[in-house]
Amino acid sequence: MINEQRLVDLFLSYVKISSPTKQEGRFAAHLCKALEEMGLEVSIDDAGEKVGSDTGNVIARLKGNMPGETILFSSHMDTVSPSIDVKPVIRDGVIYSDGTTVLGGDDKAGIAAIMEAVKTIIDNNLPHADIEIVFSIFEEGGLHGAKNLDISMLKAKQVFVLDSSGEPGQIIVKGPAQDKLEFSIHGKPAHAGVVPEEGISAIMVASHAISHMNLLRIDSETTANIGRIEGGSVTNIVPAETTVIAEARSLNNDKLKIQSDHMVACFSDAANKFGATVESKVTRMYSAFSIDENSDIVIKAKTACETIGLTASTIATGGGSDTNIYNARGMMAINLGIGEKKAHTLEEHLHIKDLIATSKLVLELVKLSVTK
Ligand SMILES: [Zn+2]
Numbered sequence: 527m528i529n530e531q532r533l534v535d536l537f538l539s540y541v542k543i544s545s546p547t548k549q550e551g552r553f554a555a556h557l558c559k560a561l562e563e564m565g566l567e568v569s570i571d572d573a574g575e576k577v578g579s580d581t582g583n584v585i586a587r588l589k590g591n592m593p594g595e596t597i598l599f600s601s602h603m604d605t606v607s608p609s610i611d612v613k614p615v616i617r618d619g620v621i622y623s624d625g626t627t628v629l630g631g632d633d634k635a636g637i638a639a640i641m642e643a644v645k646t647i648i649d650n651n652l653p654h655a656d657i658e659i660v661f662s663i664f665e666e667g668g669l670h671g672a673k674n675l676d677i678s679m680l681k682a683k684q685v686f687v688l689d690s691s692g693e694p695g696q697i698i699v700k701g702p703a704q705d706k707l708e709f710s711i712h713g714k715p716a717h718a719g720v721v722p723e724e725g726i727s728a729i730m731v732a733s734h735a736i737s738h739m740n741l742l743r744i745d746s747e748t749t750a751n752i753g754r755i756e757g758g759s760v761t762n763i764v765p766a767e768t769t770v771i772a773e774a775r776s777l778n779n780d781k782l783k784i785q786s787d788h789m790v791a792c793f794s795d796a797a798n799k800f801g802a803t804v805e806s807k808v809t810r811m812y813s814a815f816s817i818d819e820n821s822d823i824v825i826k827a828k829t830a831c832e833t834i835g836l837t838a839s840t841i842a843t844g845g846g847s848d849t850n851i852y853n854a855r856g857m858m859a860i861n862l863g864i865g866e867k868k869a870h871t872l873e874e875h876l877h878i879k880d881l882i883a884t885s886k887l888v889l890e891l892v893k894l895s896v897t898k
């Protein structure tokens, strides 16, 4: 029932509208107009002002023509760089960029799938309960749109996020918590050729700390990574300042605390050893979530997948998404695989069959939310 060609055309038109993080405005306006033309109630919340984006989150509602559970679909509008002037290319049923940008199917594949499903519902006057849609801003780099989403505008308790790189049929029921760790090391400058013994090298402190640290894959639930080091200037000065930015994640909040504490301890031990000082800052970016396999939302997702011939499976992810925020804010959310391949790279691509499957999945979930 999904109009496959219209869906592909819709997706291609979306990726051509540039919407890098914090500059989602033009794309948001395009979506608002399309939603209004289909007869949905559309508004934009005030999240944009709070996080420095040129638009807020798009929130839309289609009133049900049948009783049932309000269902919310959510995808994000922003794309990672480089994503200006995307030129999509189709080869053998797969959509790529021209290799100079990402494709932006993360997360425009989700948006196109939702838009086509809603259009199909309206055009065919299919039975549906209230449908809510959120197209969020500033997901990449902090989930800031979802964190500042005006949830008072929403009725739904169940949220289907369409933003996972898994195959359609994969249902993400667990996601990790993430900490951001920032370390500023203060050593002492000195002339490196004349009186190096009077200096304290902040770079040496950092390297000592990092070499004693457990990093990358810690265990099946926990990961950690040093993402950036900055410090020093010229070779004849012992560097006095170095900053290190790192992250740690775990599906288990307790394990995350242990890992973050360990990283902080490595820096303080190294600073003590060298006589430097270190300022450590740990920020919890988002909390872990874990949805019961037997909950109504998971059963609904599995049923919808199987009805359209997908193999349903529930898995944990190592990534963060708006799903973490919906769950933290008291709604029940799962993330659905939409088949986005190699997201965040120039090789990003999307199989048209996966785009179609995702749109069918949305349609099926809508049918399941009607009270029988
Ligand atoms: Zn995404």
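Residue numbering for the sequence shown is 527 to 898, as defined by this note's numbering. Ideal placement from N, C-alpha and C gives every residue a C-beta, glycine not left out.
Handout entry: Reduced DSSP secondary structure (H/G/I, E/B, other) of Pro546
Key = The three-state reading of DSSP puts Pro546 in strand, counting E and B together.
Problem - Under the three-state DSSP convention, the category His738 falls into - result: coil
Practice task
Check each candidate in Ser545, Arg552, Leu598 and Asn650 and name the one with the smallest Cα separation from Ser607.
Solution key: Ser545
Exercise for the section: In angstroms with no decimal places, state the Cα-to-Cα distance between Ser813 and Val721. Expected result: 48 angstroms
Exercise for the section: Give me the Cα-Cα distance between His602 and His712, rounded to the nearest whole angstrom. Expected result: 39 angstroms
Handout entry: 6 angstroms Cβ shell around Pro775 - same chain, five flanking residues per side excluded
Key = Pro is not the amino acid found at residue 775; the sequence shown has Arg there. Closer than 6 angstroms at the Cβ level, and outside the excluded window around Arg775, lie Pro702, Gln704 and Thr749.
Handout entry: First and last residue of the uninterrupted alpha helix (DSSP H) at Arg532
Key = Glu530 to Val541
Exercise for the section: Please list, in chain order, all residues of the same chain as Thr809 whose beta carbon is under 7 angstroms from its beta carbon, the five residues on each side excluded. Expected result: Asp705 and Lys706
Practice task
For His734, I'd like the list of residues in its chain whose CB is within less than 8 angstroms of its CB, leaving aside the five on either flank, ordered along the chain.
Solution key: Ala796, Lys799 and Phe800
Handout entry: Range of the contiguous beta strand (DSSP E) that encloses Gly758
Key = Gly758 -> no beta strand (DSSP E), and no H or E assigned at all.
Exercise for the section: Name all residues in chain order for which at least one heavy atom of ligand 1 lies closer than 6 angstroms to the residue's CB. Expected result: His602, Asp632, Asp633, Glu665 and Asp689
Practice task
For the alpha helix (DSSP H) containing Met789, list its first residue and its last residue.
Solution key: Secondary structure note for Met789: its alpha helix (DSSP H) is the uninterrupted segment Asn779 to Phe800.
Practice task
Could you name the residues that DSSP lists as bridge partners for Arg810?
Solution key: Paired residues: Asp705.
Handout entry: Enclosing alpha helix (DSSP H) for Asp633 [first to last residue]
Key = Gly631 to Asp649
Practice task
Confirm, please, whether the CB-CB distance from Val687 to Ser600 is below 8 angstroms.
Solution key: yes
Handout entry: Pick from Asn651, Ile647, Arg617 and Val612 that is closest to Lys634, judged by C-alpha positions
Key = Val612
Exercise for the section: Quick one: using the 10 Å Cβ neighbour count with 16 as the cut-off for buried, is Asn650 buried or exposed? Expected result: exposed
Practice task
Starting from the C-beta of Phe815, find all residues in its chain whose C-beta is less than 6 angstroms away, skip the five residues before and the five after it, and write them out in chain order.
Solution key: So the list reads Gly701, Asn850 and Asn853, once near-sequence residues are dropped.
Problem - Per DSSP, cross-strand counterpart(s) of Met858 - result: Gln684
Practice task
Can you say whether Lys807 is buried or exposed, counting buried as having 16 or more other CB atoms within 10 angstroms of its CB?
Solution key: exposed
Exercise for the section: Compare the C-alpha of Ile755 against each of Ser746, Val731 and His877 and name the closest. Expected result: Val731
Handout entry: Own chain residues within Cβ distance below 7 angstroms of Lys589, not counting five before or after
Key = Asp656
Handout entry: Closest residue to Val892 among Ala560, Thr596, Met564 and Thr768 (Cα-Cα distance)
Key = For Val892, the nearest C-alpha among the options comes from Thr596.
Practice task
Measure the alpha-carbon distance for Ile621 versus Ser847 and round it to whole angstroms.
Solution key: 23 angstroms
Problem - Buried or exposed (CB count within 10 angstroms, at least 16 for buried), Ile897 - result: The sequence shown places Thr at residue 897, rather than the Ile named in the question. Classification of Thr897: exposed, given that the 10 Å Cβ count is below 16.
Exercise for the section: Tell whether a beta-carbon distance below 8 angstroms holds between Asp604 and Glu665. Expected result: Against a cut-off of 8 angstroms, the Cβ pair of Glu665 and Asp604 comes out as a contact.
Problem - Per-residue burial, Glu575 [other beta carbons within 10 Å of its own, 16 or more giving buried] - result: With fewer than 16 Cβ atoms within 10 Å of its Cβ, Glu575 is classed as exposed.
Practice task
Quick one: using the 10 Å Cβ neighbour count with 16 as the cut-off for buried, is Glu832 buried or exposed?
Solution key: Exposed: under 16 other Cβ atoms inside 10 Å.
Handout entry: Any 3 or more C-beta pairs closer than 8 angstroms across the region 638-646 and the region 868-888
Key = yes
Exercise for the section: Under 7 angstroms Cβ to Cβ from Leu629, same chain only, skipping five residues before and after it: list those, please. Expected result: In the same chain as Leu629, and ignoring 5 residues on each side of it, the C-beta atoms closer than 7 angstroms to its own belong to Val541, Val612, Pro614, Ile621, Tyr622, Ser623, Glu874, His875 and Leu876, in chain order.
Problem - Distance between Ile823 and Gly695 (C-alpha atoms, nearest Å) - result: Their backbone Cα atoms lie some 14 angstroms apart in a straight line.
Problem - Three-state class that DSSP yields for Ile610 in the structure shown - result: coil
Practice task
Spell out whether any CB of chain C is found under 8 angstroms from the CB atom of Phe599.
Solution key: Included in the structure is just one protein chain, with no chain C present.
Exercise for the section: Could you give the DSSP three-state label for Lys589: helix, strand or coil? Expected result: Of the three classes helix, strand and coil, the one that applies to Lys589 here is coil, per DSSP.
Exercise for the section: Starting from Ala554, follow the alpha helix (DSSP H) in both directions and report where the run begins and ends. Expected result: Gly551 to Glu563
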